[in-house]
Amino acid sequence: EACLCGETTIPVSEFKATYKEMIRIDPQSNSSQLREEFQTLNSVTPPLDVEECSIALLPRNRDKNRSMDVLPPDRCLPFLISTDGDPNNYINAALTDSYTRSAAFIVTLHPLQSTTPDFWRLV
440 EACLCGETTI
450 PVSEFKATYK
460 EMIRIDPQSN
470 SSQLREEFQT
480 LNSVTPPLDV
490 EECSIALLPR
500 NRDKNRSMDV
510 LPPDRCLPFL
520 ISTDGDPNNY
530 INAALTDSYT
540 RSAAFIVTLH
550 PLQSTTPDFW
560 RLV
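What the sequence shown shows, in the numbering used here, is residues 440 to 562, in sequence order.
(1) Between which two residues does the alpha helix (DSSP H) harbouring Leu-480 extend?
(2) Quick check on Thr-535: buried or exposed, where buried means 16 or more other Cβ atoms within 10 Å of its Cβ?
(3) Can you look up Thr-457 in the DSSP assignment and give me helix, strand or coil?
(4) What do you reckon, are the CB atoms on Asp-523 and Cys-492 nearer than 9 angstroms?
(5) For Ala-543, count the other beta carbons within 10 Å of its own beta carbon; 16 or more makes it buried, fewer makes it exposed. Which is it?
(6) Alpha carbon to alpha carbon, what distance is there between Glu-475 and Leu-496?
(7) If we ignore side chains and look at the alpha-carbon of each, how far apart do Leu-510 and Lys-503 end up?
(8) To the nearest angstrom, how far is it from the Cα of Glu-460 to the Cα of Arg-499?
(9) Using only alpha-carbon positions, find the residue among Leu-551, Thr-547 and Lys-455 that is nearest to Leu-516.
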């Protein structure tokens with residue numbers, strides 16, 4: 440990312456103003472800086488194969504996915520501790536690394552009404 444997009448760190452105190460500037464549409468390119476950076480990252484990120492998301496695609500887990508277009512890879516799944524005899528420990532979320540620590544962050548979509556209890560088990 441740093442090689443392709445340059446320095447992208449934004450101090451919290453400057454985030455609002457920087458974000459506002461990044462979403463501004465340039466009339467010449469008809470694009471924004473945010474869109475350009477996103478497209479750059481997408482161009483170097485390999486797409487996932489269906490086989491890499493096999494747990495999300497299991498019949499018992501399909502209803503727990505808000506969108507079948509956004510599935511976590513099996514290798515990044517957090518597993519929930521089962522409660523109340525429910526053996527299903529799947530949630531549509533992924534653990535991601537920080538610069539200094541493995542599995543430092545959780546990335547997930549807004550939970551469905553039916554998966555809200557799972558979301559709270561996760562956090």
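Heads up, the beta-carbon is just placed ideally off N, CA and C, and yes, glycines get one too.
On the basis of the coordinates in this document:
(1) Translated into the one-based positions of the sequence shown, residue 480 becomes position 41. Unbroken alpha helix (DSSP H) run through Leu-480: 472-483.
(2) Start at 1 with the first residue of the sequence shown, and residue 535 comes out as number 96. Classification for Thr-535: exposed.
(3) As a first step, residue 457 must be located in the sequence shown, where it is residue number 18. Of the three classes helix, strand and coil, the one that applies to Thr-457 here is helix, per DSSP.
(4) For the purposes of this step, residue 523 is taken as residue 84 along the sequence shown, with counting starting at 1. For the purposes of this step, residue 492 is taken as residue 53 along the sequence shown, with counting starting at 1. For Asp-523 and Cys-492, no; Cβs fall outside 9 angstroms.
(5) Looking up residue 543 in the sequence shown gives position 104. Burial call: exposed.
(6) Walking along the sequence shown from the start, residue 496 turns up at place 57. Walking along the sequence shown from the start, residue 475 turns up at place 36. Those two C-alpha atoms are separated by around 32 angstroms.
(7) As a working note, residue 510 is residue 71 in the sequence shown. As a working note, residue 503 is residue 64 in the sequence shown. Their Cα atoms are separated by approximately 10 angstroms.
(8) Here the question's residue 460 lines up with position 21 in the sequence shown. Here the question's residue 499 lines up with position 60 in the sequence shown. Approximately 44 angstroms, taken between the alpha carbons.
(9) Numbered from 1 along the sequence shown, position 77 holds the residue referred to as residue 516. The shortest C-alpha separation from Leu-516 is found at Thr-547.
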